[in-house]
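Chemist: Next up is a structure, given as structure tokens.
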Amino acid sequence: MVHSQQWQDPDAAKGQGSNGREKEAYQREIDNADNTDISEMEKKDLAERIKDYGGSAQPGGAAPPGDTLGLAIGLATDVFKSDEAVPLTITLTNVSPNSVQANTRLFVNDGEAPPPFREVSLSITPMGSADEVEFGWDVRVGFPGSDDFSELAPDATAENTADIADLYLLEPGRYEVCASYENTLLGPTVFDEDSGEFVEQDIGAVKMSVDSDCLAFLIGPFGRQGDVDCDNDEDAVDALQTLRKTAGLGVSQNAPCPEIGSEFASLFGDVDCDGSVGAVDALKLLRSVAALSVTQTEPCPDIGDSLAPAAPASQATATGPGLPVAAAAGLAFVAFGLVGVGGAYSRRRWGDER
Ligand SMILES: [Ca+2]
Ligand SMILES: [Ca+2]
5 MVHSQQWQDP DAAKGQGSNG REKEAYQREI DNADNTDISE MEKKDLAERI KDYGGSAQPG
65 GAAPPGDTLG LAIGLATDVF KSDEAVPLTI TLTNVSPNSV QANTRLFVND GEAPPPFREV
125 SLSITPMGSA DEVEFGWDVR VGFPGSDDFS ELAPDATAEN TADIADLYLL EPGRYEVCAS
185 YENTLLGPTV FDEDSGEFVE QDIGAVKMSV DSDCLAFLIG PFGRQGDVDC DNDEDAVDAL
245 QTLRKTAGLG VSQNAPCPEI GSEFASLFGD VDCDGSVGAV DALKLLRSVA ALSVTQTEPC
305 PDIGDSLAPA APASQATATG PGLPVAAAAG LAFVAFGLVG VGGAYSRRRW GDER
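If you want it as structure tokens, here you go:
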């Protein structure tokens with residue numbers, strides 16, 4: 005059994021807890037190493053992973069934990085189409101009065117990965133649900149190296165942008181996203197050729213964890229035909245908002261909500277699907293409220309019907325044979341398009357060709 009499969013037995017996984025699950029998964033890879041082409045060096049890397057796993061951030065480092073680093077997240081807008089990227093900006097700020105050494109790689113990984121391999125983990129939950137959205141990848145990133153640590157002057161920031169539509173199994177809907185930063189290392193972990201081991205260098209980096217505030221966003225098409233103010237009903241207020249929009253007046257909506265007339269499930273608010281949003285749409289909303297007939301240009305979702313498409317092709321978590329973890333020199337697999345801060349971002353789906 006390989007690492008990724010270990011995660012796929014929900015009952016076993018639940019019983020074990022995430023720490024035990026991870027630890028066992030890594031141990032399993034070492035145990036299986038004799039049957040694979042994992043080298044001694046890679047075995048050591050795995051052993052290091054186990055050693056470093058399981059700690060939430062311990063106090064220590066040059067600066068005391070708390071009020072040293074601040075974490076913020078940002079989105080350029082709060083409404084996205086289902087085929088669009090959702091670039092989340094993650095900003096780490098030195099909020100202390102002193103310069104600090106910080107792990108500024110800001111690698112976004114599954115919250116169940118060992119701490120050295122996830123400076124940033126996200127919690128994304130559908131509104132009104134407690135179930136977190138699943139992380140869509142099985143990532144192997146190495147320890148943060150020399151380029152991944154930076155000295156941050158007071159108020160200085162490090163930033164990374166991650167496409168959360170790519171990283172997470174998001175479907176059309178409303179979500180809330182919150183981020184956590186965690187660093188458990190005193191400095192970069194580098195491969196020492198003399199000893200043949202990975203060595204954690206103590207540069208007094210800040211060991212701490214910190215959470216960001218949360219943001220709401222919407223992936224669409226989503227919502228219901230005619231509910232132009234996104235308050236989950238189609239009524240005279242929606243007709244009024246449509247008229248206000250048509251008259252160039254301000255519109256009150258329940259955010260996140262697409263702008264009326266924006267290209268979103270055809271034109272948002274175009275309840276008769278004739279290609280424009282206007283007073284006729286408001287009238288038809290009122291007719292619908294009064295249970296009168298409404299003419300539409302078909303195909304067109306009826307007023308009150310869901311604007312969400314049929315289940316989108318969601319990204320499956322790939323499975324495959326266990327592949328050797330990063331070799332010492334690289335600690336990196338196939339580079340991908342996220343903007344990293346001072347370090348190689350890399351990831352791979354299990355089973356992908358290198
Ligand atoms: Ca409404
Ligand atoms: Ca119309």
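For what it's worth, my numbering labels the leading residue of the sequence shown as 5, then goes sequentially.
Even for Gly, the Cβ is constructed at its ideal location relative to N, Cα and C.
(1) Any heavy atom of ligand 1 inside 7 Å of the beta-carbon of Asp274?
(2) Can we count Ser280 as close to ligand 2, meaning its CB is less than 7 Å from some heavy atom?
(3) Which first and last residues belong to the alpha helix (DSSP H) in which Ile168 is found?
(4) Would you mind sorting Ala2 into buried or exposed? The rule is 16 or more other CB atoms within 10 Å of its CB.
(5) Can you tell me which of the three DSSP states Ala80 falls into?
(6) Determine which residues share a DSSP beta bridge with Ser310 and list them.
(7) What separation, rounded to the nearest whole angstrom, lies between the Cα atoms of Asp135 and Thr129?
(8) Is Glu263 near ligand 1, judged by its Cβ being under 7 Å from some heavy atom?
(9) Since Gln245 contacts Ile264 with CB under 8 Å, what's their CB separation in whole angstroms?
(10) Tell me whether Asp233, by its Cβ, gets closer than 7 Å to a heavy atom of ligand 1.
(11) Does the distance between the C-beta of Val241 and the nearest non-hydrogen atom of ligand 1 fall short of 7 Å?
(12) Can you have a look at Pro305 and say buried or exposed, based on whether 16 or more other CB atoms are within 10 angstroms of its CB?
(13) Within a Cβ cutoff of 6 Å, which residues of the same chain sit near Ala243, ignoring the five residues on either side of it in sequence?
(14) Provide the residue span of the alpha helix (DSSP H) that contains Leu287, from first to last.
(15) Check whether the region 158-166 touches the region 87-99, counting contact only when three or more Cβ pairs, one atom from each stretch, lie closer than 8 Å.
Modeler: This is what the structure holds:
(1) no
(2) yes
(3) 168-171
(4) What the structure shows of the chain is the stretch from 5 to 358, and residue 2 is not part of that stretch, so it cannot be assessed.
(5) Three-state result, Ala80: coil.
(6) Arg228
(7) 6 Å
(8) Checking every heavy atom of ligand 1 against the Cβ of Glu263, none is found closer than 7 Å.
(9) About 7 Å separates the CB atoms of Gln245 and Ile264; that is less than 8 Å, so the two are in contact.
(10) Yes - ligand 1 has a heavy atom lying nearer than 7 Å to the Cβ of Asp233.
(11) yes
(12) With 16 or more other Cβ atoms within 10 Å, it is buried.
(13) Hits under 6 Å: Ala286, Leu289, Leu290.
(14) 283-293
(15) By the Cβ criterion, the region 158-166 is in contact with the region 87-99, since at least three pairs of Cβ atoms, one from each stretch, lie closer than 8 Å.
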